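Enquirer:
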Amino acid sequence: MTAARPLDVAIAEALRLGAEDVEVSQASTTTEFVRFAHSRFTQVGESRHDLVRVRVLSGGRLGVALCASLQPEELRTAAAQALAIAERVPPLEVAIRFASEGGPADPEPPPPIEGPDLGPEELRRAFDRSAGVAFFGALKRKRRHMAVRTAGGLARAHADQVLQVDFIAQVADGSGWAGWYGPTGRPVDLGGLAQRAADTARRARDPLALEPGKRDVVLAPAAVAELLEWMALASFGARSVLDGTSLLAGREGELLTSPRVTLSEAVGAGDVPFDSEGAARQPVDFFRAGRAGRAVTDLVSAARLGGGRATSGHAAPLTPQMDATDPVPSHLALQPGDRSEEELVGMVEHGVYVTRLHYVNGLLDTRRATMTGMTRDGTFVIEGGRPGRAVRNLRFTDSILDALGDARLGGIGREAACLPTWWSSAGQVETPAVLVKGFHFTGTSR
Amino acid sequence: MDVRDSYRAAASAALAELREVPGIDFADVRVSREERRAVSLRNRDLDELSTIASAGVGVRVLRGGAWGFASAPDPTEESAVRAARRAAEIAGEVARAQSDPVRMVEEEPVVGTYATPLLEDPFAVPLERVLGDLGDAVGVLLGGGTPSAIRMAIAMARFWRSRKLYMNSEGSDIWQETTFGGAGIKVVAEAEGGGTVQRTWPMDFDGGLAAAGYESVRALDLGGNAARLQGEVLALTTAPPCPAGRATLLLDTPQLALQIHESCGHPTESDRAIGEEISLAGASFLTPDRLGRFTYGATRVNLTADARADGGLGTFGWDDEGVPARVTPLVARGIFVGYLSSRETAARLGLGRSAGCMRAESWNVPPIIRMINVSLEPDPQGPSSLEELVADTRDGILMSQNQSWSIDDLRLNFQFGCEAAWEVKHGKRTRILRNPIYTGSTPSFWRGCEVIGGPDAFRLWGLASCGKGDPVQAMAVGHGCAPARFAGVEVGASR
Chain A
1 MTAARPLDVA IAEALRLGAE DVEVSQASTT TEFVRFAHSR FTQVGESRHD
51 LVRVRVLSGG RLGVALCASL QPEELRTAAA QALAIAERVP PLEVAIRFAS
101 EGGPADPEPP PPIEGPDLGP EELRRAFDRS AGVAFFGALK RKRRHMAVRT
151 AGGLARAHAD QVLQVDFIAQ VADGSGWAGW YGPTGRPVDL GGLAQRAADT
201 ARRARDPLAL EPGKRDVVLA PAAVAELLEW MALASFGARS VLDGTSLLAG
251 REGELLTSPR VTLSEAVGAG DVPFDSEGAA RQPVDFFRAG RAGRAVTDLV
301 SAARLGGGRA TSGHAAPLTP QMDATDPVPS HLALQPGDRS EEELVGMVEH
351 GVYVTRLHYV NGLLDTRRAT MTGMTRDGTF VIEGGRPGRA VRNLRFTDSI
401 LDALGDARLG GIGREAACLP TWWSSAGQVE TPAVLVKGFH FTGTSR
Chain B
1 MDVRDSYRAA ASAALAELRE VPGIDFADVR VSREERRAVS LRNRDLDELS
51 TIASAGVGVR VLRGGAWGFA SAPDPTEESA VRAARRAAEI AGEVARAQSD
101 PVRMVEEEPV VGTYATPLLE DPFAVPLERV LGDLGDAVGV LLGGGTPSAI
151 RMAIAMARFW RSRKLYMNSE GSDIWQETTF GGAGIKVVAE AEGGGTVQRT
201 WPMDFDGGLA AAGYESVRAL DLGGNAARLQ GEVLALTTAP PCPAGRATLL
251 LDTPQLALQI HESCGHPTES DRAIGEEISL AGASFLTPDR LGRFTYGATR
301 VNLTADARAD GGLGTFGWDD EGVPARVTPL VARGIFVGYL SSRETAARLG
351 LGRSAGCMRA ESWNVPPIIR MINVSLEPDP QGPSSLEELV ADTRDGILMS
401 QNQSWSIDDL RLNFQFGCEA AWEVKHGKRT RILRNPIYTG STPSFWRGCE
451 VIGGPDAFRL WGLASCGKGD PVQAMAVGHG CAPARFAGVE VGASR
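Here's what the structure looks like:
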């Protein structure tokens, strides 16, 4: 049996019960994880979930039910629940239809490329290459299968495998991070990653206390990625535009950042090519040469925005927590500039280099992308264009929209790194390092 | 066969399978079914109405001193045996790569049942009634016509139910049915000069949640609070920003609950304290060498972990390794005295026994150390309400409801943004202030705690979406407190 066929059980049941249109989407993930702390394995396991969402339309009313099983009985129950809901709720204020074309009639996605087996023994060898260093982190391999089918004949399926590795190294009071994310087929040098984290940790020992204030800062890709994720969560989905809380709301075409900034939703070879409604993911510009673009949409939000908008293919992914309902980007990409990270550091006379951020919150003022957060795992002063002593972690509170403005954006690196998003099991951020002038540090960890 | 018997058959099959595997030190099996329902209205339109059901088996094995975990969808004997074999295989692989064996403190095996006390099963409440209750609240938030500044009004209700069988290789056999849920409302308006302001009741994101039935929604008085929220959000649109400087800070209970969560709950998690969460969520300044001797706060500060509290989201009969619900002092008369712990971390830290804090979001992930109900004890002589606390304050800033939160990887340096603040002068609220933030360092903040409200002002709140672990798990936890006052806190405005 192909993986898509169980979904037909739900479609048939919903149609039998009187639904006018039916959409069934599946997200199955098996995650193999190895967590470690103090170079010791603390949690090792395999977590599996199947999620199936059944949506039905009946008399302009939308009903939704989810189940975590591919068993026919559970799928039929979910179909009946979705229809029961549709019969008892008010009609949608906009008209939608589920997708009705795309993909072959009975798709069987090509099997993903299996990478080498990486587990505790391979990690142990990586730890052993850096004597005297304590390692913390995780290695996760995710096998994902997504499928969408509709009563109108749409049938899409996709399977892939991704690997994520995070090493945090500790040497005395110094901490450093290195990570990797991508398809399992690519070679991964665990020992090299561990050594990179260890080298940063050694440099980060005995940190100085730096007083808060405005300082020029080179933000490494992992730090930039977290800021862009928060900007996306708060502003790049259609819901926030409808609510008026998005920094894009009512500003399409306005110059909001430096013309050097082009930030987009990209569609690349490693991405799931469709969303949970089966719509093909479309590239979307949030900033094109600094000018505000549009937010991503799903079926309902596109209809609510009006003006003939169609879905951009960014319906929220299915999650076991059932906590994602708004359309979200899945592959943010900041267009690289023309300088190496070393050159960016070289442009700073007195400043700070930030490896990574911790516990950022981007809800302070979403219209200006004002955020706060802490640095971690390697924060260094820059003196005379060269990285110097480590400093204690710093708190920043600043408008990232202002920071990306022409007056404060000092430069964009040319080498982009790919980092996983934390809001979704299927997202990534591709970004280079960025130099920002007068980044506002408002506190320090003591 | 009823569902409990079929789950027991599945768990028994898994444990029987593991008895045949050499080197098994301990094993436990969870077989469970979870259901959730979510309803939300946005500007009178139905925004979300969905249900989810999930059932399966999770097996944890300690073999040769190393842990292995595996899960399988569908709560059948076949799934359970498959998960047991895979967990044993994984534990064997780990044991070969590790020489330092896991040890656990003893715990008496137990056979028992637990169910959340309910007055009205929320899953049996007709949908039309839920929609009606939420619709009435949205109607009040929006007013007769929509005031021009108001951009959006939301009302939402959510309910969770879990039926879970736990069995372990030591003979425990536990059946638990837990239910929790509640509702919340939010209104957003456009502020003069740009930006938006918001008011929520009782909290953003999760609303007001309790381990209870639909009676918890009625207790929130959504309609009455909606009228207050509408007035406050419109006042905020023209309010001045919160002035910057050092101030005496008063916190209402929803904001203080989050302060407790971030600056007491998380740093007293023993897995953080020994470095096991460094890679993701961070570590803790409350290191084992500080246990019993570190001054965390003022002597009036007593913080307690209690899995028995009525209505708490961290209330249950037994945790997910069969440890009974317990009460554990975390901070006593200002001194750090206890950890949230598991059988493993209790052994590593020499704590004598587990605090019973191992909890898993669902059958498909392993249990990890989580908060239960972590609460600030009321002061028996403290003010009996927020307004009495205000009346007792000569000069201060009262902040209400959380809007943003951030804390460093040791849980020391924090910054919280709130929805609204009021200047307090000579015992009275004066002008309303917008975009307030406050920042500080955890021990300094709690050492500056100068007044805690009394038992009549105590309120137990719930947070359903505390994220931790890798893969990340969401957990429901409880925090009780009365409003409190803190001296010398740095305050300001986010914009």
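Sequences listed follow chains A and B, in order.
Using my numbering, you'd call the opening residue of the first sequence number 1 and step up by one each time.
Using my numbering, you'd call the opening residue of the second sequence number 1 and step up by one each time.
For every residue, glycine included, the Cβ atom is placed at its ideal position computed from N, Cα and C.
No experiment lies behind these values; they were computed from the predicted model shown.
Would Met152/B count as contacting chain A if we go by Cβ distances under 9 Å?
Expert: Answer yes: the Cβ-Cβ gap between Met152/B and chain A drops below 9 Å somewhere.
Enquirer: Going by Cα to Cα distance, which pick from Pro471/B, Gly454/B, Glu419/B and Ser384/B is closest to Asp166/A?
Expert: The shortest C-alpha separation from Asp166/A is found at Pro471/B.
Enquirer: Taking the continuous beta strand (DSSP E) assigned at Thr179/B, which residues delimit it?
Expert: Segment Asp173 to Glu190, the beta strand (DSSP E) holding Thr179/B.
Enquirer: By the three-class DSSP mapping on this structure, what secondary structure does Trp446/B have?
Expert: Trp446/B falls in the helix class under three-state DSSP.
Enquirer: Does the pairing of the region 59 to 76 of chain B with the region 172 to 184 of chain B give three or more beta-carbon distances under 8 Å?
Expert: Output reads no: the region 172 to 184 of chain B does not touch the region 59 to 76 of chain B.
Enquirer: Can the beta-carbon of Lys186/B be found closer than 9 Å to that of Ser32/B?
Expert: In this structure, Ser32/B does not lie closer than 9 Å to Lys186/B by Cβ.
Enquirer: Output yes if chain A places a C-beta closer than 9 Å to the C-beta of Phe69/B; else output no.
Expert: At least one chain A Cβ lies under 9 Å of Phe69/B.
Enquirer: Please classify Pro367/B: is it buried, with 16 or more other beta-carbons within 10 angstroms of its beta-carbon, or exposed?
Expert: So Pro367/B counts as buried.
Enquirer: Would you mind stating whether Glu265/A and Asp298/A have Cβ atoms separated by less than 9 Å?
Expert: Taking 9 Å as the Cβ cut-off, Glu265/A and Asp298/A do not qualify as a contacting pair.
Enquirer: Based on the DSSP secondary-structure assignment, which residues constitute the bridge partners of Thr372/A?
Expert: In DSSP, Thr372/A forms a bridge with Asn361/A and Thr397/A.
Enquirer: Measuring alpha carbon to alpha carbon, tell me which residue in Leu364/A, Glu415/A and Thr442/A is nearest Ala234/A.
Expert: When only C-alpha atoms are compared, the closest one is Leu364/A.
Enquirer: Roughly how many angstroms lie between the CA atoms of Met1/B and Pro183/A, to the nearest whole one?
Expert: The straight-line gap from Cα to Cα measures roughly 45 Å.
Enquirer: Are three or more beta carbon pairs between the region 332 to 346 of chain B and the region 281 to 301 of chain B nearer than 8 Å?
Expert: Cβ pair count under 8 Å is three or more, so yes.
Enquirer: Below 8 Å, can you find three or more Cβ-Cβ pairs linking the region 84 to 104 of chain A to the region 31 to 47 of chain B?
Expert: As far as the Cβ criterion goes, the region 84 to 104 of chain A touches the region 31 to 47 of chain B, which means the pair count is three or higher.
Enquirer: Under 9 Å, do Gly453/B and Cys481/B count as touching if we go by C-beta distance?
Expert: Yes; because the gap between Cβ atoms is below 9 Å, this pair is in contact.
Enquirer: Under a CB-based cut-off of 9 Å, is Pro471/B close to chain A?
Expert: For Pro471/B, the answer is yes, since a Cβ of chain A falls inside 9 Å of its Cβ.
Enquirer: Thinking C-alpha only, which one of Pro336/A, Ala280/A, Ala407/A and Leu7/A is nearest Ala151/A?
Expert: When each option's Cα is compared against that of Ala151/A, the closest is Leu7/A.
Enquirer: Could you check where the alpha helix (DSSP H) with Arg125/A kicks off and where it finishes?
Expert: Its alpha helix (DSSP H) spans residues Pro120 to Asp128.
Enquirer: Using Cβ-Cβ distances below 7 Å, what residues of the region 407 to 418 of chain B are close to chain A?
Expert: Per Cβ criterion, the list reads Ile407, Asp408, Asp409, Leu410, Leu412, Asn413, Gln415 and Gly417.
Enquirer: Under 9 Å, Cβ to Cβ, is there at least one residue of chain A near Thr439/B?
Expert: Chain A contact via Cβ: present.
Enquirer: Assuming contact is defined by CB atoms lying nearer than 9 Å, are Val424/B and Leu250/B in contact in what I supplied?
Expert: In contact: Val424/B and Leu250/B (Cβ atoms closer than 9 Å).
Enquirer: Check whether the Cβ of Ser432/B lies closer than 9 Å to any Cβ atom in chain A.
Expert: Sequence inspection shows Ile at residue 432/B; the Ser mentioned does not correspond to that position. For Ile432/B, the answer is no, since every Cβ of chain A falls outside 9 Å of its Cβ.
Enquirer: Using 10 angstroms around the beta-carbon of Arg394/B, count the other beta-carbons present and answer buried if the total reaches 16, otherwise exposed.
Expert: Result: exposed.
Enquirer: Below 8 Å CB to CB, which residues in the same chain sit around Pro72/A once its five sequence neighbours on both sides are set aside?
Expert: If we look at Pro72/A and ignore the five residues flanking it on each side, its Cβ neighbours are Pro6 and Val9.
Enquirer: Can you tell which of Leu62/B, Leu376/B and Gly396/B has the C-alpha that lies nearest to the C-alpha of Pro455/B?
Expert: The shortest Cα separation from Pro455/B among Leu62/B, Leu376/B and Gly396/B belongs to Leu376/B.
Enquirer: Per DSSP, which residues does Cys264/B bridge with? Please list them.
Expert: None, per the DSSP bridge assignment.
Enquirer: So what does DSSP say about Ser284/B, is it helix, strand or coil?
Expert: Looking at Ser284/B - three-state DSSP - the assignment turns out to be coil, as it is neither helix nor strand.
Enquirer: Below 7 Å on C-beta distance, what does Glu190/B contact in chain A?
Expert: Going along chain A in sequence order, the residues near Glu190/B (Cβ under 7 Å) are Gly244.
Enquirer: Leaving out five residues before and five after Met1/A in sequence, what residues of the same chain have Cβ atoms less than 7 Å from its Cβ?
Expert: A caution first: Met1/A carries a pLDDT of 39, below 50, which makes its placement in the model unreliable, though a value can still be read off. There are no such residues.
Enquirer: If contacts are defined as beta-carbon pairs under 8 Å, then Pro378/B and Gly356/B qualify, I think. What distance do you get, rounded to the angstrom?
Expert: So it is not a contact: roughly 23 Å between Cβ atoms.
Enquirer: In terms of residue numbering, what span does the alpha helix (DSSP H) encompassing Ile11/A cover?
Expert: From DSSP, the alpha helix (DSSP H) with Ile11/A extends over Arg5 to Arg16.
Enquirer: My understanding is that Ala169/A touches Ala138/A, with C-beta atoms under 8 Å, so please give their C-beta distance in whole angstroms.
Expert: Actually they are not in contact, since the Cβ atoms of Ala169/A and Ala138/A sit about 14 Å apart, beyond 8 Å.
Enquirer: Rounded to the nearest angstrom, what separates Gly63/A and Val261/A at their Cα positions?
Expert: Going by the C-alpha atoms only, they are around 41 Å apart.
Enquirer: Between which two residues does the beta strand (DSSP E) containing Val52/A stretch?
Expert: Looking at the DSSP string, the run of the beta strand (DSSP E) that includes Val52/A is Arg40 to Ser58.
Enquirer: Does Asp338/A have its Cβ less than 9 Å from a Cβ in chain B?
Expert: It does not: the Cβ of Asp338/A has no partner Cβ on chain B nearer than 9 Å.
Enquirer: Checking contacts by CB at 9 Å: is Asp319/B closer than that to chain A?
Expert: Judged by the 9 Å Cβ criterion, Asp319/B is not in contact with chain A.
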